[in-house]
Amino acid sequence: LGLSSLGEFILLGVSDRPQLELLLFVLILISYTITLLGNTTIIMVSWLDPHLHTPMYFFLSNLSFLDLCYTTSVGPQMLLNFRSTHKSISWAGCVAQLYISLSLGVTECLLLAIMAYDRYAAICQPLRYTAIMSHRFCVQLAATAWLCSFGNSVVETIRTMRLPRCGQNQIDNLFCEVPALLKLACVDTSSNEAEVLVGAVIFLMVPLGFILMSYGYIGTAVLKIHSAKGRIKAFNTCASHLVVVWLFYGTALSMYLQPPSSYSQHQGKIVSLFYTMVTPMLNPIIYTLRNKEIHKALQRALRRNVTAQGV
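Here it is, written out as structure tokens:
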């Protein structure tokens with residue numbers, strides 16, 4: 016398992032720029048706090064309010080839970096290393112970070128595709144929507160997304176961590192990630208790079224193709240709606256999801272659809288920081304800003320709280 020398997024890895028991050036480290040520490044701390052508050056609020060409101068017991072909010076709760084786990088798998092370690100002189104992570108910690116972030120990244124790809132199918136069923140098959148998106152089917156779809164990704168990531172993690180590193184243990188990144196770890200290997204990694212590319216096509220390109228196809232059908236159906244109010248309502252239910260898809264897939268594709276040997280390490284750090292810390296923070300903001308149902312649910316929850324305190 017390589018010479019550094021018994022010890023630890025050093026996460027170089029941006030240690031060559033102390034001022035940037037301090038700035039990133041503050042920004043990530045704020046981002047992490049907003050992520051925790053925003054996603055926990057969506058989960059609690061969707062769970063407690065009966066009006067939100069619909070497929071859309073079931074999947075949104077899954078996405079929020081996923082974002083909480085995703086950010087927590089890398090955020091605290093990152094914050095710790097920014098304020099520490101010895102920027103290390105144990106071998107087991109690196110394996111866990113790699114496996115969890117890989118698994119959750121793939122889950123998000125699949126979950127966003129499932130959410131696109133839910134929007135397609137709601138807009139293109141409105142009369143059959145409740146029959147198509149039954150609670151049991153929604154649970155099966157979500158479970159499949161979680162199980163597939165956690166199963167696939169076992170193989171990827173083992174193959175990456177078994178590469179000989181000839182004593183090299185300095186990862187030029189903010190956390191343990193496949194492209195950065197492949198750069199440490201002292202053997203030819205072309206088969207690993209090919210595997211990463213195949214994985215990116217299966218778990219990034221195929222779901223993205225499915226999302227675009229779903230929105231092609233949705234766009235056609237929306238254009239057939241005669242009333243402007245109806246068209247705006249249909250568009251609003253999809254706008255938030257489309258923005259989230261663009262943010263997540265845009266950054267993930269730029270990271271995983273090029274060979275790790277060719278990408279710039281500086282660019283890689285910015286991109287990975289974006290989809291592990293910024294996107295999970297923005298998701299609840301995007302979904303709640305224009306969402307009247309969540310606004311009403313929050314108002315109902317506040318009223319219940321005030322009434323309970325009054326009693």
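Counting from 16, one number per residue, gives the positions in the sequence shown under our numbering. Here a beta-carbon is modelled for each residue, glycine too, at the ideal position from N, C-alpha and C.
What residues match up with residue i in a beta bridge as DSSP calls it?
{"i": "SER105", "result": "GLU23"}
{"i": "GLN185", "result": "ILE25"}
Check each candidate in the options and name the one with the smallest Cα separation from residue i.
{"i": "LEU83", "options": "LEU199, ALA200, ASN306 and SER46", "result": "SER46"}
{"i": "SER118", "options": "CYS163, GLY182 and PHE190", "result": "CYS163"}
{"i": "ILE153", "options": "ARG134, GLY166 and VAL169", "result": "Sequence check: residue 153 is Cys here, not Ile. Measuring from the Cα of CYS153, the nearest candidate turns out to be ARG134."}
{"i": "THR204", "options": "ARG177, ALA215, VAL221 and LEU219", "result": "ARG177"}
{"i": "GLU36", "options": "ASN251, ASN96 and ILE49", "result": "ASN96"}
{"i": "TYR132", "options": "LEU81, VAL211, ARG32 and PHE225", "result": "PHE225"}
{"i": "VAL60", "options": "MET93, ARG318 and ALA312", "result": "ALA312"}
{"i": "SER31", "options": "ASP187, PHE165 and GLU23", "result": "For the sequence presented, residue 31 should be read as Asp rather than Ser. For the residues ASP187, PHE165 and GLU23, the minimum Cα distance to ASP31 belongs to ASP187."}
{"i": "PRO179", "options": "ALA111, ALA200 and THR159", "result": "ALA200"}
{"i": "MET292", "options": "VAL110, SER149 and LEU94", "result": "LEU94"}
Can you give the Cα-Cα distance for residue i and residue j, rounded to whole angstroms?
{"i": "LEU142", "j": "ALA107", "result": "51 Å"}
{"i": "GLY53", "j": "MET296", "result": "7 Å"}
{"i": "SER257", "j": "MET130", "result": "One detail in the question is off: residue 257 reads as Leu in this sequence, not Ser. For LEU257 and MET130, the distance between alpha carbons rounds to 10 Å."}
{"i": "THR294", "j": "LEU75", "result": "14 Å"}
{"i": "GLY90", "j": "PHE190", "result": "9 Å"}
{"i": "ILE104", "j": "TYR271", "result": "23 Å"}
{"i": "ALA316", "j": "ILE49", "result": "20 Å"}
{"i": "GLN140", "j": "THR100", "result": "58 Å"}
{"i": "LEU39", "j": "VAL321", "result": "38 Å"}
{"i": "HIS241", "j": "SER88", "result": "47 Å"}
{"i": "HIS310", "j": "VAL169", "result": "40 Å"}
{"i": "SER229", "j": "ARG246", "result": "17 Å"}
{"i": "LEU219", "j": "LEU268", "result": "7 Å"}
{"i": "THR55", "j": "TRP62", "result": "11 Å"}
{"i": "LYS102", "j": "LEU156", "result": "40 Å"}
{"i": "LYS244", "j": "CYS253", "result": "15 Å"}
{"i": "VAL29", "j": "VAL41", "result": "14 Å"}
{"i": "PHE24", "j": "SER116", "result": "17 Å"}
{"i": "CYS181", "j": "ILE138", "result": "56 Å"}
{"i": "GLY214", "j": "THR175", "result": "13 Å"}
* To do: Return the chain-ordered ranges of every beta strand (DSSP E) run that is complete within the stretch 286 to 323 and spans a minimum of 3 residues.
  => none
* Asked: Is the stretch 263 to 272 touching the stretch 117 to 133 in the sense that three or more CB pairs, one from each, lie closer than 8 Å?
  -> yes
* Asked: At what residue ranges does the stretch 82 to 169 contain a whole run of the alpha helix (DSSP H), taking only runs of 4 or more?
  -> 106 to 139 and 144 to 147
* Okay, do the stretch 58 to 68 and the stretch 31 to 49 touch, 3+ Cβ pairs below 8 Å being the bar? -> no
* Asked: Hey, is the stretch 184 to 200 in contact with the stretch 236 to 250, meaning 3+ C-beta pairs nearer than 8 Å?
  -> no
* Can you check the stretch 27 to 60 for any beta strand (DSSP E) of at least 3 residues that lies completely inside it and give the ranges in chain order? => none
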